């Protein structure tokens, strides 16, 4: 593992981005007239530039112009082994490759649900990382994304996840519970998980597609596969009536529910939210109840 991490650090060091300004200890680069990104201090020093708790600003002002901070650049925090936590604002939409590789003291990072993507090797060897939530928009878990995150005890794959690349979640030695809300078992490449981890980790999946996971390659290697419970949906922010998953129960949900009754989608999280009276059937009764709720 050490050799792999060293190689990735050396590789990513060739993709350092310049910064234009520093805001409360955070180095910011600028693109065009509106976009800003978090980066490192550059190549002038070999010392890691981030430590402790870091709060990324939502906006910065440069040359009299206001910029939204929209991404964490390649290698931005790489090798910062005294970094302990990171707070990202809702304007950040992407975490780039190798952004946090080798941050061995990083314990927590908030991921805005408005984020679109976390890319490959973003958190490789963050051995102290205890909690992180993927954005619900995430469809791909790329190679090495959480490789050797040895302190993660539970992990949630949102309902839109479709593909998990080889090595994406290997060597998570403390993982005891993996929650996957996808209706269909995502395409998991061989080597996505460590077989030893699969033997001791409980996999929680949608009740109606439990048998599919038990029969799917890679997923069937989990020793214990159990159905998701209502409280587990609620814990992850899913709620009855919020059919479109935008966090608001309104007329848009009512219209979507009308369409669902006509042509039920194959998405367990959507079906769960649309079953307003919790009777296991989605029909006109749910429509009436949601209309009253609104």
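Residue numbers (our numbering): 301 to 594. In this text, a Cβ means the ideal position worked out from N, Cα and C, and glycines have one as well. Predicted, not measured: the structure shown is a model, and the values here were computed from it.
Tell me which same chain residues have a C-beta within less than 6 Å of the C-beta of residue i, skipping the five on either side of it?
i, result
"residue 454", "477"
"residue 493", "469"
"residue 444", "420, 421, 424 and 467"
"residue 355", "387"
"residue 473", "450"
"residue 499", "523"
"residue 446", "423 and 469"
What distance in whole Å lies between the Cβ atoms of residue j and residue i, which are believed to be in contact at a cut-off of 8 Å?
i, j, result
"residue 550", "residue 573", "With a Cβ gap of about 13 Å, residue 550 and residue 573 do not count as contacting."
"residue 462", "residue 486", "5 Å"
"residue 411", "residue 428", "About 17 Å separates the two Cβ atoms, so there is no contact after all."
"residue 396", "residue 381", "Contact flag wrong, Cβ pair sits at about 20 Å."
"residue 442", "residue 475", "That pair is no contact at about 18 Å."
"residue 408", "residue 385", "5 Å"
"residue 479", "residue 532", "6 Å"
"residue 256", "residue 509", "Missing from the structure shown is residue 256; the chain here goes from 301 to 594 and no further."
"residue 378", "residue 398", "5 Å"
Mind checking which residues open and close the alpha helix (DSSP H) that includes residue i?
i, result
"residue 532", "530 to 535"
"residue 511", "510 to 515"
"residue 588", "584 to 593"
"residue 495", "495 to 500"
Kindly list the residues whose CB is nearer than 7 Å to the CB of residue i, restricted to its own chain and excluding five residues on each side of it in sequence; keep chain order.
i, result
"residue 608", "In the structure displayed, the chain extends from 301 to 594; residue 608 sits before or after that span and is not available."
"residue 578", "none"
"residue 553", "541, 542, 543, 544 and 590"
"residue 360", "321, 323, 328, 336, 367 and 369"
"residue 482", "457, 459 and 461"
Go ahead and label residue i buried or exposed: buried means 16 or more other beta carbons lie within 10 angstroms of its beta carbon, across all protein chains shown.
i, result
"residue 319", "buried"
"residue 495", "exposed"
"residue 436", "buried"
"residue 330", "buried"
"residue 375", "buried"
"residue 387", "exposed"
"residue 314", "At residue 314, the pLDDT of 48 sits below 50, so the modelled position is not reliable and the matter cannot be decided from this model."
"residue 594", "exposed"
"residue 325", "exposed"
"residue 452", "buried"
Report the rounded CA-to-CA distance for residue i versus residue j, giving the unit in angstroms.
i, j, result
"residue 327", "residue 582", "51 Å"
"residue 504", "residue 536", "13 Å"
"residue 372", "residue 383", "15 Å"
"residue 307", "residue 580", "In this predicted model, residue 307 has a pLDDT of only 49, less than 50, meaning its place in the structure is not dependable; the value taken from the coordinates is given anyway. Rounded to the nearest angstrom, the two C-alpha atoms are 51 Å apart."
"residue 431", "residue 420", "18 Å"
"residue 417", "residue 561", "31 Å"
"residue 522", "residue 514", "8 Å"
"residue 389", "residue 357", "7 Å"
"residue 393", "residue 400", "16 Å"
"residue 568", "residue 539", "13 Å"
"residue 321", "residue 362", "8 Å"
"residue 512", "residue 527", "12 Å"
"residue 450", "residue 334", "38 Å"
"residue 489", "residue 341", "36 Å"
"residue 605", "residue 448", "An answer regarding residue 605 cannot be provided, because it is not within the stretch 301 to 594 covered by the chain."
"residue 592", "residue 484", "32 Å"
"residue 332", "residue 338", "15 Å"
"residue 414", "residue 548", "15 Å"
"residue 440", "residue 506", "19 Å"
"residue 403", "residue 426", "5 Å"
"residue 438", "residue 364", "35 Å"
"residue 576", "residue 529", "16 Å"
"residue 555", "residue 546", "14 Å"
"residue 516", "residue 353", "41 Å"
"residue 559", "residue 520", "34 Å"
Could you spell out the range, first to last residue, of the beta strand (DSSP E) harbouring residue i?
i, result
"residue 568", "No beta strand (DSSP E) contains residue 568, which is instead part of the alpha helix (DSSP H) from 568 to 574."
"residue 478", "477 to 480"
"residue 455", "454 to 457"
"residue 527", "524 to 527"
"residue 361", "359 to 362"
"residue 541", "It is not in any beta strand (DSSP E) - residue 541 carries neither H nor E in the DSSP assignment."
"residue 387", "382 to 387"
"residue 319", "Neither: residue 319 is in no beta strand (DSSP E) and is coded neither H nor E."
"residue 329", "326 to 331"
"residue 352", "351 to 355"
"residue 368", "365 to 372"
"residue 335", "335 to 339"
Taking only beta-carbon positions, decide if residue i is within less than 9 Å of chain C.
i, result
"residue 537", "The structure shown contains no chain C; it holds only a single protein chain."
Which same chain residues, not among the five before or five after residue i, have their C-beta less than 8 Å away from its C-beta?
i, result
"residue 584", "561"
"residue 491", "466, 467 and 470"
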